[in-house]
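Here this note's numbering is used: the first residue of the sequence shown is -15, the next is one more, and so on. Structure, as structure tokens:
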Amino acid sequence: MKKTSRLILFFLSIITFSSQAQNYSILIKGGHVIDPKNNINELMDIAINGDKIVLVAKNIDPKTAKQIVNAAGLYVTPGLVDIHSHNFHSMRPGDPVADGFTFRSGITTTVDAGSSGWKSFETFKEEVIDKSETRVLAWLNIVGEGYRGGAYEQNLNDMDSKLTSIIARRYREHIVGIKTSHYNGPEWVPVDRAVEAGKLAGNIPVMVDFGGNTPAQSIEDLFFKHLRPGDIFTHCFAELGASREAIVDTKTKKVKPFVFEAQKRGIVFDVGFGGISFAYSQAIPALQQGFYPNSISTDMNKGAINGAMKDLQTVMSRFLAMGMDLPEVIRASTSNPAMEIKREDLGNLSIGSGADVAIFNMRDGKFGFFDYTGYKINADKKLECEMTIRAGKIVYNLNGISDPVISGRQAH
């Protein structure tokens, strides 16, 4: 009996030692962690177990992990949150498959910006949300048909606040807000109905892609008479002539005073780079005068990817080249957009949060960042994604910085 007890104790001790020896599934070692929400900007290690972050500390013993990621000389950030993208392939053929363009840029959460409306959201969910490894959320278009273009988006009769809010409430796990865009008339109906839908759906935010008629409607009226604090003005650095009022006066090159006031009031200014929705003639003077965007996003679509935009890490690198510091660029790509969509569980490296992590190197070289007008700024540094971890699995590994070198996808 005593011999049996000793054997049991021996095997229990082996099991206990083994579990203590490898507490973590992944350990990210030696990286410079930038986590703006938690005010971390220093060398730290990050331990992951399963799909959660379980420890952020210095000098975590590598023997405690099954897999080591060597992040020495690299920047470790929360998984990026891109709040303006387009991924509804059957609605807009040619738009990107999320997983093929997110992970290689460090994006773990992307928000489709109004590609679907209340009539088409369930199809979008089935085709895209349910089949993507990337966390895909959505802005629901106030147009019931969604982002179909042409006459569909000019049909005021298809902008139903109540029906839109019903779908937004039903799918609150996936729908973060209401989108209005591409309307060419002088009426305020699309904006007002989007805001009303947001209120009916539980006071969720509205994202506005504003302008299209000539003469342009007043953005001062938009900010102070129609939108609420927390609503989002995307494409904030667009300069599209007479059809859309710009935030920087095109003659004086000064940020209009009411724009600063609007930002203080709580109007959110989002980049939404896109194909033709970003111009240095707006962004450079704005940043020089102390006006920074609240969030940096791509407006990811086929034209933008193949045009000046490229990807989120390239857009972020532009803002570094224009004078924003790295922690502020990371904030505008992680915790700020997460807060804007009321998903503050995302965009941070808090203990207990989902293990969504991006790791970047800062490449030295000669880089040219241009906009759709052909204006170019030169830079000697550029962010490049080395690794993306989504829900505790390595889904992108550029240079094999993990030991053993195995990706989460291969491990399925």
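Yeah, the Cβ is synthetic: ideal placement off N, Cα and C, and Gly gets one too.
Locate the beta strand (DSSP E) running through Thr164, then write down its first and last residues.
Numbered from 1 along the sequence shown, position 180 holds the residue referred to as residue 164. Segment Ile159 to Ser165, the beta strand (DSSP E) holding Thr164.
Could you give the distance in angstroms between the alpha-carbon of Ile203 and the alpha-carbon of Glu229?
The residue given as residue 203 occupies position 219 in the sequence shown. The residue given as residue 229 occupies position 245 in the sequence shown. If I take the Cα positions, the gap works out to 7 Å.
Assign Gln272 to one of two classes, buried (16 or more other C-beta atoms within 10 Å of its C-beta) or exposed (fewer than that).
Locating residue 272 in the sequence shown gives position 288, counting from the first residue. Gln272 comes out exposed.
For Ser281, I'd like the list of residues in its chain whose CB is within less than 6 Å of its CB, leaving aside the five on either flank, ordered along the chain.
In the sequence shown, counting from the first residue as 1, residue 281 sits at position 297. Closer than 6 Å at Cβ, skipping near neighbours: Asp66, Ile67, His68, Asp254, Val255 and Gly256.
Thinking just about the alpha-carbon of each residue, which of Ala267, Arg374 and Ile113 is nearest to the one in Gly338?
As a first step, residue 338 must be located in the sequence shown, where it is residue number 354. Per the Cα distances, Arg374.
Smallest Cα separation from Pro189: which of Ala322, Val38, Ser334 and Pro62?
The residue labelled residue 189 in the question sits at position 205 within the sequence shown. Its Cα nearest to that of Pro189, the residue Ala322 stands out among Ala322, Val38, Ser334 and Pro62.
Close-in-space but distant-in-sequence residues of the same chain around Val175 (CB under 8 Å, 5 per side omitted)
Numbered from its first residue, the sequence shown carries residue 175 at position 191. The residues are Thr164, Val190, Val192, Phe194, Leu206, His210 and Leu211.
Leaving out five residues before and five after Asn383 in sequence, what residues of the same chain have Cβ atoms less than 8 Å from its Cβ?
Locating residue 383 in the sequence shown gives position 399, counting from the first residue. The residues are Glu370.
Nearest neighbour of Lys248, chosen from Gly358, Phe208 and Val313 [CA to CA]:
What you label residue 248 is simply residue 264 of the sequence shown in a count that begins at 1. With distances taken between Cα atoms, Lys248 lies closest to Phe208.
Which class does Phe208 belong to by DSSP, given the choice of helix, strand or coil?
Against the sequence shown, residue 208 aligns to sequence position 224. Note: Phe208 maps to helix in three-state DSSP.
Check whether the Cβ atoms of Lys13 and Val40 sit closer than 8 Å, and answer yes or no.
For this step, residue 13 is matched to residue 29 along the sequence shown. For this step, residue 40 is matched to residue 56 along the sequence shown. Not in contact: Lys13 and Val40 (Cβ atoms no closer than 8 Å).
Please name the residue, chosen from Lys109, Leu27, Arg119 and Ile44, that lies closest to Val379 on a Cα-to-Cα basis.
For the purposes of this step, residue 379 is identified with residue 395 of the sequence shown, where counting begins at 1. Nearest C-alpha to Val379: Arg119.
Under DSSP, the beta strand (DSSP E) around Thr93 begins and ends at which residues?
As a position in the sequence shown, residue 93 is number 109, starting the count at 1. Residues Ile91 to Gly101.
Check Leu(-9) in the structure and name its three-state DSSP category.
Position 7 of the sequence shown, counted from the first residue, corresponds to residue -9. At Leu(-9), the pLDDT of 44 sits below 50, so the modelled position is not reliable; the number obtained from the coordinates is stated separately. Reduced to three states, the DSSP call for Leu(-9) is helix.
Which of helix, strand or coil does DSSP assign to Pro311?
As a working note, residue 311 is residue 327 in the sequence shown. Correct three-state label for Pro311: helix.
DSSP-derived helix/strand/coil call for Gln201:
Counting from 1 along the sequence shown, the entry for residue 201 is found at position 217. Of the three classes helix, strand and coil, the one that applies to Gln201 here is coil, per DSSP.
At 3 residues or longer, what runs of the beta strand (DSSP E) sit wholly inside the region 112 to 146?
119 to 125
May I ask you to report which of helix, strand or coil DSSP gives Pro62?
On the sequence shown, position 78 is the one that residue 62 refers to. DSSP places Pro62 in strand when its eight states are reduced to three.
Under a Cβ-count criterion, where at least 16 other Cβ atoms within 10 Å of its own Cβ denotes burial, should Ser227 be classed as buried or exposed?
Taking the first residue of the sequence shown as position 1, residue 227 is located at position 243. It is exposed - the Cβ of Ser227 has fewer than 16 other Cβ atoms within 10 Å.
Nearest-angstrom Cβ-Cβ length linking Val95 and Ala122, presumed shorter than 8 Å
If you number the sequence shown from 1, residue 95 lands on position 111. If you number the sequence shown from 1, residue 122 lands on position 138. At roughly 6 Å, the Cβ-Cβ gap stays under 8 Å, so Val95 and Ala122 are in contact.
Minimum C-alpha distance to Asn22 - residue among Ile343, Leu333, Ser386 and Gly352:
Here residue 22 refers to the residue found at position 38 of the sequence shown. For the options Ile343, Leu333, Ser386 and Gly352, the alpha carbon positioned closest to that of Asn22 is the one of Leu333.
Hey, how far is the Cα of Glu368 from the Cα of Ala292?
By one-based count along the sequence shown, residue 368 stands at place 384. By one-based count along the sequence shown, residue 292 stands at place 308. Answer to the nearest angstrom: the Cα atoms are 17 Å apart.
Look at the alpha carbon of Asn381 and the alpha carbon of Glu245, and state the distance between them as a whole number of angstroms.
To locate residue 381, count along the sequence shown from 1; it is residue 397. To locate residue 245, count along the sequence shown from 1; it is residue 261. Computed Cα separation, rounded: 43 Å.
How about Gly90 and Gly63: are their beta carbons less than 8 Å apart?
Here the question's residue 90 lines up with position 106 in the sequence shown. Here the question's residue 63 lines up with position 79 in the sequence shown. Yes, the Cβ-Cβ distance between Gly90 and Gly63 is below 8 Å.
Measuring straight from C-alpha to C-alpha, what distance separates Trp102 and Thr86?
Translated into positions along the sequence shown, residue 102 becomes position 118. Translated into positions along the sequence shown, residue 86 becomes position 102. Our two residues, Trp102 and Thr86, have alpha carbons roughly 25 Å apart in a direct line.
Specify the secondary structure class of Thr234 as computed by DSSP and reduced to three states.
Within the sequence shown, numbered from 1, the residue matching residue 234 stands at position 250. DSSP places Thr234 in coil when its eight states are reduced to three.
Taking 8 Å as the cut-off, decide whether the C-beta atoms of Ile325 and Gly134 are in contact.
Along the sequence shown, one-based indexing puts residue 325 at 341. Along the sequence shown, one-based indexing puts residue 134 at 150. With contacts defined as CB atoms closer than 8 Å, Ile325 and Gly134 fail to qualify as a contacting pair.
Considering only the alpha carbon of each residue, which of Ser74, Val127 and Gly250 lies closest to Ala178?
Position 194 of the sequence shown holds residue 178. Answer by Cα proximity: Val127.
Which residue spans inside the region 4 to 92 form an unbroken beta strand (DSSP E) run of at least 3?
Within the region 4 to 92, the complete beta strand (DSSP E) segments at least 3 residues long are 8 to 19, 24 to 33, 36 to 41, 49 to 54, 59 to 62 and 64 to 69, listed from N- to C-terminus.
So, with DSSP's three-state summary, where would you put Lys377?
As a working mapping, residue 377 is identified with position 393 in the sequence shown. Secondary structure of Lys377 (DSSP, three-state): strand.
What residues are listed by DSSP as bridge partners for Asn362?
Translated into the one-based positions of the sequence shown, residue 362 becomes position 378. Bridge partners of Asn362: Gly352.
Quick one: what does DSSP say Ser386 is sitting in, helix, strand or coil?
Taking the first residue of the sequence shown as position 1, residue 386 is located at position 402. In this structure, Ser386 counts as strand in the three-state DSSP scheme.
From which residue to which residue does the beta strand (DSSP E) around Asn179 run?
Here residue 179 corresponds to residue number 195 of the sequence shown, with the count starting at 1. For the record, residue 179 in the displayed sequence is Val; it is not Asn. No beta strand (DSSP E) holds Val179; the alpha helix (DSSP H) holding it covers Val173 to Leu184.
Taking just the CA atoms, how far does Ser301 sit from Leu330?
In the sequence shown, the residue the question calls residue 330 occupies position 346. In the sequence shown, the residue the question calls residue 301 occupies position 317. Approximately 22 Å between the Cα atoms of the pair.
So the candidates are Lys294, Met306 and Met284; which of them puts its Cα closest to the Cα of Pro277?
Here residue 277 refers to the residue found at position 293 of the sequence shown. The shortest Cα separation from Pro277 among Lys294, Met306 and Met284 belongs to Met306.
I'd like the list of long-range same chain contacts for Ala152, defined as Cβ closer than 6 Å, with 5 residues on each side in sequence excluded.
As a first step, residue 152 is located in the sequence shown; it is residue number 168 there, counting from the start. Closer than 6 Å at Cβ, skipping near neighbours: Leu124, Ile159 and Ala185.
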